[in-house]
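Structure first, commentary second.
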Amino acid sequence: MKYYLIAGERSGDLHGSNLIKGIKENDPDAEFRGWGGDMMEAEGMQLVTHYKDTAFMGFLEVAMNLRKISRFLKKCKADIIDYQPDALILIDYPGFNLRIASFAKSKGLKVFYYISPKVWAWNQKRAWKIKKNVDHMFVIFPFEVDFYKKYDYTVHYVGNPLMDAITAFQPDPNFRETHGLDERPIIALLPGSRKQEITGMLDVMLTTQKHFPNYQFVIAGVKNLPSSLYDTYLTSQRASIVYERTYDLLSIAEAALVTSGTATLETALFKVPEVVCYKTSGFSYAVAKRLIRVPFISLVNLILEKEAVRELIQDHLNEKLLTEELRKILPGGIGHIQQMKDYGILAEMVGGAGASFRTGKLITGYLK
0 MKYYLIAGER
10 SGDLHGSNLI
20 KGIKENDPDA
30 EFRGWGGDMM
40 EAEGMQLVTH
50 YKDTAFMGFL
60 EVAMNLRKIS
70 RFLKKCKADI
80 IDYQPDALIL
90 IDYPGFNLRI
100 ASFAKSKGLK
110 VFYYISPKVW
120 AWNQKRAWKI
130 KKNVDHMFVI
140 FPFEVDFYKK
150 YDYTVHYVGN
160 PLMDAITAFQ
170 PDPNFRETHG
180 LDERPIIALL
190 PGSRKQEITG
200 MLDVMLTTQK
210 HFPNYQFVIA
220 GVKNLPSSLY
230 DTYLTSQRAS
240 IVYERTYDLL
250 SIAEAALVTS
260 GTATLETALF
270 KVPEVVCYKT
280 SGFSYAVAKR
290 LIRVPFISLV
300 NLILEKEAVR
310 ELIQDHLNEK
320 LLTEELRKIL
330 PGGIGHIQQM
340 KDYGILAEMV
350 GGAGASFRTG
360 KLITGYLK
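The structure is reproduced here in structure tokens:
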């Protein structure tokens, strides 16, 4: 059968690539086309558009790129009609994918959604739109099942796909040597995968460096962004950088400063103490503050329903507070042991691997 997948971010590319594996296990002759990234392409998907061209962060940034987004939507709709897939599979990325879902449903296509948009966090009425346009929703957090029940919509809880990637990971024993890292303990910096995130977060993350002279600071870089974006931080702050090796970095890190997103959960599942960072434009923050209906921004805290990891948002993301919070979670700090205990509870709640296979089996089963 023919499958058309759409992922608009780096994390979606990872989960999409594992989902393709899950589908192929149940449909060996499957053909794939869609929007995503290098990992999905490596699994055999014919890549139409890379997510590096479509990832926009914040309300202001989206508003400034409405014409470009409109062109992407038009291009995507035309390509779907031309391809005529047996199934359209949407992966998170709600601003774009919910519009595509409505279009595809109107054309009589089978619509599946893997990794629900965070409608429980803001603009909850979008759940009605999802119920109308999505044939089957596969969610990755247990609480999402109860949320959708309020809208008389039955969804499938499949587990968290991060566990597929983490379980399959094998650390590189020569990682330090290969990347020129010395034996000092490491503080990992995970500033994100968008340009706006790098420029908004990395400067303040690196202000803490002078307060921890016995540690080496290592940036988790991504290759979908130009290397020149990182050059300033490498020359002026004497930080190191490794590209596309975040899991290797986390496997040996003592602590991490992490931009809010999927990486906060990945860091916790690697049992690395972390401080969550987030900063956007003043306009985007003001809008988000009015709309968001959940008490936390990090997945770790949302799942545990408490502030297990400290979140420094907007004006609170500054050198003084970031240094204080980082010192607390390092070995010997007052918050280190408690965060490790919370991580143990988190791992039990997230569960084991298999989400990609379960979802692939359900999708192919519904098609057959």
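Numbering (numbering that gives the first Met the number 0), first residue to last: 0 to 367.
Cβ coordinates follow ideal geometry from the N, Cα and C atoms, glycine included.
Whose C-alpha, out of N132, F140 and V47, is nearest the C-alpha of K74? As a first step, residue 74 is located in the sequence shown; it is residue number 75 there, counting from the start. Cα-wise, what sits closest to K74 is V47.
Which of helix, strand or coil does DSSP assign to I139? Taking the first residue of the sequence shown as position 1, residue 139 is located at position 140. Here I139 carries a coil assignment [DSSP, helix/strand/coil].
Check whether the Cβ atoms of I185 and V217 sit closer than 7 Å, and answer yes or no. What you label residue 185 is simply residue 186 of the sequence shown in a count that begins at 1. What you label residue 217 is simply residue 218 of the sequence shown in a count that begins at 1. Contact flag set, yes.
For I197, I'd like the list of residues in its chain whose CB is within less than 8 Å of its CB, leaving aside the five on either flank, ordered along the chain. Taking the sequence shown and counting its residues from 1, the one referred to as residue 197 is at position 198. So the list reads P190, G191, L224, L228 and Y229, once near-sequence residues are dropped.
Three Cβ pairs or more, each shorter than 8 Å: is that satisfied between the segment 118-128 and the segment 146-165? yes
Can you give me the C-alpha to C-alpha distance between K109 and D247, rounded to a whole angstrom? To locate residue 109, count along the sequence shown from 1; it is residue 110. To locate residue 247, count along the sequence shown from 1; it is residue 248. Within the model, the alpha-carbon separation for K109 versus D247 is close to 38 Å.
Give every residue of the same chain whose Cβ lies closer than 6 Å to the Cβ of V138, excluding the five residues on either side of it in the sequence, and list them in chain order. Numbered from 1 along the sequence shown, position 139 holds the residue referred to as residue 138. For V138, where only same-chain residues beyond five positions count, the Cβ hits under 6 Å are S115, V154 and Y156.
Quick check on this structure: which residue in V133, L311, R183 and Y113 has the alpha carbon closest to the alpha carbon of G11? Here the question's residue 11 lines up with position 12 in the sequence shown. The shortest CA-to-CA distance from G11 to any of V133, L311, R183 and Y113 is the one to Y113.
Could you check the C-alpha separation between T207 and P84 for me, to the nearest Å? Residue 207 sits at position 208 when you count from the first residue of the sequence shown. Residue 84 sits at position 85 when you count from the first residue of the sequence shown. When only Cα atoms are considered, T207 and P84 end up about 50 Å apart.
Inspect the beta-carbon positions of L345 and L303 and report whether they are closer than 7 Å. As a first step, residue 345 must be located in the sequence shown, where it is residue number 346. As a first step, residue 303 must be located in the sequence shown, where it is residue number 304. A Cβ-Cβ contact shorter than 7 Å links L345 with L303.
Return the residue from the list G158, S297 and Y342 that minimises the CA-CA distance to F356. Your numbering for residue 356 matches position 357 in the sequence shown. For F356, the nearest C-alpha among the options comes from G158.
Excluding five sequence neighbours on each side, which residues of the same chain lie with their C-beta closer than 6 Å to the C-beta of K360? Working through the sequence shown from its first residue, we reach residue 360 at position 361. Around K360: N25.
Distance between E8 and L301 (C-alpha atoms, nearest Å): Reading the sequence shown from its first residue, position 302 is the one you call residue 301. Reading the sequence shown from its first residue, position 9 is the one you call residue 8. Cα to Cα, L301 sits roughly 21 Å from E8.
Mark I336 as exposed unless 16 or more other C-beta atoms lie within 10 angstroms of its C-beta, in which case mark it buried. Within the sequence shown, residue 336 is the residue found at index 337, counting from 1. When all chains shown are included, I336 counts as exposed.
Using the rule of at least 16 other Cβ atoms within 10 Å of the residue's Cβ for burial, across every protein chain shown, is N96 buried or exposed? Taking the sequence shown and counting its residues from 1, the one referred to as residue 96 is at position 97. Per the 10 Å Cβ criterion, buried.
If you scan the segment 83-160 from start to end, which runs of the alpha helix (DSSP H) of 4 or more residues do you find wholly inside it? 93-105, 125-132 and 141-148
Opposite S239 in the DSSP bridges: which residues? On the sequence shown, residue 239 is found 240 positions in, with the first residue counted as 1. Note: S239 sits in a beta bridge opposite V217.
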